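Engineer: All the letters of the sequence shown, read from the start, carry residue numbers 8 to 437 under the working numbering.
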Amino acid sequence: MFRYLPEQASEIAPKIDALNNLITDLSLFFTVAIVGTMLYFAIRYRRTERNLVTPRIEGSHALEIVWSVVPIVISVYVMYWGVVYFRELREVPEDAMTIAVTGQKWIWDFEYENGKKTSGEFVVPVHTPIKLLMRSTDVLHSFFIPAMRVKHDVIPGRYTYVSFTPVKTGTFHSFCTEYCGDMHWNMLATLRVVSQAEYSRWVEDKSEQLMAERMSPVELGGKLYAEKGCNACHSLDGTPRVGPSYLKSFGREVALTDGKKVTADENYLREAILNPNAEIVAGFQPNLMPAFEGQLDDKQIDGLIAFIKSIDGSQPAAEVEAPAVTEVDTSKMSPAERGEHLYNTKLCVTCHSLDGSKLVGPTFQGIWGREGELADGTAYVVDEAYVKDSIRNPNNQLVKGFAGGMIPFPESQLSDEDINDIIEFMKTLE
Ligand code: CUA
């Protein structure tokens, strides 16, 4: 009874749960037994008439021994396993991977052994012992990852740690569980457990961080405009494409499809980026733009808004069009590497994950040779012809359960050779 514990995602979780459940069951049993007996006696022997004389009852050694020895045995048993599991919990395997965690009002920062830094999100490989070495720069916090069953105070001026071995991939929540100020409730971090291969790819990729650190908000926004594929649908020179142009769009009053008028201010733009279908400008179609909720942090959103503000017509569009994305020499790459490069630069990455998670489109993990059902009920197999058709005419053969809306890539944007490279890349994604 009372099995409300969260998902078990670490090696120690089932053991801790077993002990926790045992204690819960024992507590329940004794609560019912003691309170039940008490209530029964209160009713059974209630006063029915005045001046009754209570009989004199001597003690019972047998009873006293039973109710002393039985609880002692149970308590010692629970304590023994408590100590065993606690030691296991606090023992860090020698090959553990250390991630430095810094708590400060009101965000969690993470730093990896190779210098990679993240905020509010961290990634670890599955089946690898992890040690989080934690400190606080201001006040007392507490780091809690329910699915891993680890929690520890994070203290200014002292290191503390938690250690766990994740046993399944997925996304898990972690919290601050020590009241630390008025935004304490929002001091969260997402833990992503991924395959070893995906982790290696992720941890080596530092480009984003290095570039972003050196940029002004407008520059960062310009980079994101190109990287996240905004440029496919939003022009800078006033031409309407799939979405409204950015030219002079900031502060403009626009009519929405429902007839309402709104001013395109910071809050409108923020909402339009995070949740694009909430307020569609009249004349444009919904469900084409992917929602960026959870994919962009506040700094990036600020950057995009600053960039949109900067497209005020004061400079010719040619100068701001296509902000520089670092040129990469693809000639030395293998086909699969070129495919991966295309995957990242042609923004497949926005909608197709590599780790099995469902984004706007189907995941690329294990995609090659996959079989399934299309929206119209027919069967499909991912082969060369299917991939080509899906890139050229994405809405032709929609996989069941997906909404469509991917932008078609004509020959001018992606050659047949490019598609072959992407296919080679897909074959590597088991
Ligand atoms: Cu930090 Cu609560």
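We put the CB at the ideal spot given by N, CA and C, even for glycine.
Since this is a predicted model, take the numbers as computed values, not measurements.
Quick one: any contact between the region 141-148 and the region 107-122, if contact means 3 or more CB pairs under 8 Å?
Structural biologist: Counting Cβ pairs under 8 Å, three or more are found: they touch.
Engineer: Between A331 and I315, what straight-line distance do the alpha-carbon atoms span, to the nearest angstrom?
Structural biologist: Its pLDDT being 47, under 50, A331 is placed unreliably in this model, and the value from its coordinates should be taken loosely. Rounded to whole angstroms, A331 to I315 spans 16 Å at the Cα level.
Engineer: Would the beta-carbon of C355 be found less than 6 Å away from any heavy atom of the ligand CUA?
Structural biologist: The answer is no for C355.
Engineer: Could you check what DSSP says for K407 in three-state terms: helix, strand or coil?
Structural biologist: Residue state, collapsed to three classes: coil.
Engineer: Check D336 in the structure and name its three-state DSSP category.
Structural biologist: Of the three classes helix, strand and coil, the one that applies to D336 here is coil, per DSSP.
Engineer: Would you mind working out which of L381, W375 and S397 sits nearest E431, comparing C-alpha positions?
Structural biologist: The shortest Cα separation from E431 among L381, W375 and S397 belongs to W375.
Engineer: Return the bridge partner residues of A386 from the DSSP annotation.
Structural biologist: Paired residues: E380.
Engineer: My output table needs one value for R142: the three-state DSSP class, helix, strand or coil.
Structural biologist: Here R142 sits in strand by DSSP.
Engineer: Would A325 be called buried (16 or more neighbouring beta carbons within 10 Å of its own) or exposed?
Structural biologist: For A325, the predicted model reports a pLDDT of 47, less than 50, meaning its position is unreliable and no value from the coordinates is stated.
Engineer: Should V345 go down as buried or exposed, given a rule of 16 or more other Cβ atoms within 10 Å for buried?
Structural biologist: Reading off the sequence shown, one finds Arg at residue 345, where the question assumed Val. So R345 counts as buried.
Engineer: Skipping 5 residues on each side, what residues in its chain have a beta carbon closer than 7 Å to that of P415?
Structural biologist: R399, N400 and P401, listed in sequence order.
Engineer: Just curious, the beta strand (DSSP E) that T370 is in, first and last residue?
Structural biologist: Careful: T370 lies outside any beta strand (DSSP E) and carries neither H nor E.
Engineer: Taking C-beta to C-beta, are G122 and A196 nearer than 7 Å?
Structural biologist: No, the Cβ-Cβ distance between G122 and A196 is not below 7 Å.
Engineer: Consult DSSP for E391 and reduce its assignment to one of helix, strand or coil.
Structural biologist: E391: helix per DSSP, three-state reduction.
Engineer: Using C-beta distances below 8 Å, list every residue in its chain close to G373, excluding the 5 sequence neighbours before and after it, in chain order.
Structural biologist: Hits under 8 Å: G363, L436 and E437.
Engineer: Taking C-beta to C-beta, are A279 and S256 nearer than 7 Å?
Structural biologist: No, Cβ-Cβ distance for A279 and S256 is not below 7 Å.
Engineer: What residue does the beta strand (DSSP E) around H159 start on, and which one ends it?
Structural biologist: Unbroken beta strand (DSSP E) run through H159: V157 to V161.
Engineer: By Cβ distance below 7 Å, which residues in the same chain neighbour M340 in space, the five residues on each side in sequence not counted?
Structural biologist: For M340, where only same-chain residues beyond five positions count, the Cβ hits under 7 Å are H348.
Engineer: Drop a sphere of 10 angstroms on the beta-carbon of R438, count the other beta-carbons inside from all chains shown, and report buried for 16 or more, exposed for fewer.
Structural biologist: Within the shown structure, residues of the chain are numbered from 8 to 437, placing residue 438 beyond reach of any answer.
Engineer: Using the C-alpha atoms, what's the distance from F299 back to C237?
Structural biologist: So the two alpha carbons sit approximately 11 Å from each other.
Engineer: Between which two residues does the alpha helix (DSSP H) holding K230 run?
Structural biologist: First-last of the alpha helix (DSSP H) with K230: P224 to E234.
Engineer: Taking the continuous alpha helix (DSSP H) assigned at F37, which residues delimit it?
Structural biologist: F37 -> alpha helix (DSSP H) spans A20 to R51.
Engineer: Rounded C-beta distance between P433 and F371? I'm assuming under 8 Å.
Structural biologist: Note on residue identity: the sequence assigns Met, not Pro, to residue 433. Right, the Cβ-Cβ distance comes to about 6 Å (below 8 Å), so this counts as a contact.
Engineer: Can the beta-carbon of V200 be found closer than 7 Å to that of V133?
Structural biologist: Yes, the Cβ-Cβ distance between V200 and V133 is below 7 Å.
Engineer: Cβ of H191 versus every heavy atom of the ligand CUA: is any distance shorter than 6 Å?
Structural biologist: Yes.
Engineer: Roughly how many angstroms separate the alpha carbons of S352 and N27, rounded to a whole number?
Structural biologist: Note on identity: in this sequence residue 352 is Thr, with Ser being the wrong assignment. Their Cα atoms are separated by approximately 49 Å.
Engineer: Is the region 224-235 touching the region 159-166, taking contact as three or more C-beta pairs under 8 Å?
Structural biologist: As far as the Cβ criterion goes, the region 224-235 does not touch the region 159-166, which means the pair count is below three.
Engineer: What are the start and end residues of the alpha helix (DSSP H) that includes G346?
Structural biologist: P342 to T352 is the span of the alpha helix (DSSP H), which, as asked, contains G346.
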